[in-house]
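In numbering that gives the first Met the number 0, the protein residues as written are 0 to 302. Where is the CB? At the ideal position from N, CA and C, for every residue including glycine.
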Amino acid sequence: MSAGTIGVSLLTLDNPFFKLIGDTIAAKAREKTLYAQVVSADKDVAKQGNQVKDFIVRKVSAIVLSPCDSKAIGPVIAEANAAGIPVFTVDIPYRGSDAKVVTQIATDNFGGGKEAATAMIEALGAGGGKVAILHFKQAESCLLRVGGFREVIDAHNAALPAGHAAIEIVAELEAGGARDSGYKAAEDALQAHGDLRGIFAINDPSALGAVGALEKAGKTAQVTVVGFDGQPEGKEAIRDGKIYADPIQFPVKMGEQIVDAIVRHSKGEELPPEMFIPTSLYRKADALNDPDLRPAGEPAPAN
Numbered sequence: 000m001s002a003g004t005i006g007v008s009l010l011t012l013d014n015p016f017f018k019l020i021g022d023t024i025a026a027k028a029r030e031k032t033l034y035a036q037v038v039s040a041d042k043d044v045a046k047q048g049n050q051v052k053d054f055i056v057r058k059v060s061a062i063v064l065s066p067c068d069s070k071a072i073g074p075v076i077a078e079a080n081a082a083g084i085p086v087f088t089v090d091i092p093y094r095g096s097d098a099k100v101v102t103q104i105a106t107d108n109f110g111g112g113k114e115a116a117t118a119m120i121e122a123l124g125a126g127g128g129k130v131a132i133l134h135f136k137q138a139e140s141c142l143l144r145v146g147g148f149r150e151v152i153d154a155h156n157a158a159l160p161a162g163h164a165a166i167e168i169v170a171e172l173e174a175g176g177a178r179d180s181g182y183k184a185a186e187d188a189l190q191a192h193g194d195l196r197g198i199f200a201i202n203d204p205s206a207l208g209a210v211g212a213l214e215k216a217g218k219t220a221q222v223t224v225v226g227f228d229g230q231p232e233g234k235e236a237i238r239d240g241k242i243y244a245d246p247i248q249f250p251v252k253m254g255e256q257i258v259d260a261i262v263r264h265s266k267g268e269e270l271p272p273e274m275f276i277p278t279s280l281y282r283k284a285d286a287l288n289d290p291d292l293r294p295a296g297e298p299a300p301a302n
């Protein structure tokens, strides 16, 4: 590899959100006459560590990570530091203290979690009820989303108007951030709580898995799903009434801004340690007016 190469290791490329970040980084790098090698860590800390070591051996000019683990990735980031290679993180931060990251570019995940709670409160109305969270605790971004969600639900319950019932978070289940594990986690939640009224899923794949479980159980009218991301399939599910709302992220902005940050740093510019991109709450009315959605019933394009 040459001096104009960016080594990029993302949490996974199976999730369309990270795939779009990777594709955007590659395209934006080309505009800057750089080359980005984008690889998938497949949610495996050891694999990601080996990818970073390979980037160091190849003497890339910068490294971009969405860490599989926000602390365990520290030692290999320190190796990149020792080699004089700047490291940047996207979506998921590094939270250790023994290595240095130039800057983190991410969604305001805590703020997005608060928006998800606002949507859940809106959907459940005065009746309140039991809610389950489908989590992915390995990712700090998801910990932040759940933290924001819980904060707003707690504040809502502490100031209930007369005649309103509380929203009770009765389960927090590991759903892996994937559709199949989201399906299984939602099934478990429904079996444990037959009167469940809401599910907050930390991303669209797990939300879509939950929708599948609700359809199988015949409980789509009983249980409201709030997701997170704004992937095309998630937006279509919102349009079709299967998901109530999503705080949507902007992965294209994230990919573009990380490349801009690399270029700015290479020119000696001082960057803030974190740069956040706010989410935007996306409901059915937004989906019905979204020109980017394919018509209802039209099949997805083949991959």
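Check	Outcome
Taking 8 Å as the threshold, find out whether the segment 258-274 comes into contact with the segment 80-92 through three or more Cβ pairs.	yes
Contact check, residue 276 vs residue 107 under 8 Å by CB: the rounded distance?	7 Å
Within this structure, are the beta carbons of residue 185 and residue 220 separated by less than 8 Å?	no
Just verifying my parser: in three-state terms, what is the DSSP assignment at residue 264?	helix
With residue 134 as the anchor, note down where its beta strand (DSSP E) starts and where it stops.	128-134
Measure from the alpha carbon of residue 53 to the alpha carbon of each residue in 67, 17, 42, 37, then state which is nearest.	37
In the DSSP assignment, find the alpha helix (DSSP H) that holds residue 176 and state where it starts and stops.	Element bounds for residue 176: n/a, residue is neither H nor E.
Rounded to the nearest angstrom, how far is the Cβ of residue 74 from that of residue 93, given a contact under 8 Å?	Residue 74 to residue 93, Cβ: 11 Å. No contact.
According to the neighbour-count rule (16 or more other Cβ atoms, all chains shown, within 10 Å of its Cβ), is residue 230 buried or exposed?	buried
How would you call residue 56, buried or exposed, if buried means at least 16 neighbouring beta carbons within 10 angstroms?	exposed
Indicate the three-state DSSP secondary structure (helix, strand or coil) for residue 368 in the structure shown.	In the structure displayed, the chain extends from 0 to 302; residue 368 sits before or after that span and is not available.
Taking residue 254 and residue 27 to be in contact with their CB atoms under 8 Å, please state how far apart those CB atoms are, rounded to whole angstroms.	6 Å
Whole angstroms are fine: how far does the CA of residue 189 sit from the CA of residue 241?	17 Å
Helix, strand or coil: how does DSSP classify residue 193 here?	coil
How many angstroms separate the CA atom of residue 227 from the CA atom of residue 290?	20 Å
What ranges does the alpha helix (DSSP H) occupy inside the segment 6-92, keeping only unbroken runs of at least 4 residues that lie completely in it?	15-30, 44-56, 73-81
Pick helix, strand or coil for residue 145, following the three-state DSSP scheme.	helix
First and last residue of the beta strand (DSSP E) that includes residue 273?	273-276
Among the residues of its own chain, which have a CB less than 8 Å from the CB of residue 136, if the five just before and after it don't count?	142, 173
Name the DSSP bridge partner or partners of residue 103?	88, 273
To which residues does DSSP link residue 199 through a beta bridge?	132, 225
What does the Cβ neighbour count give for residue 32, buried or exposed, with the cut at 16 atoms within 10 Å?	exposed
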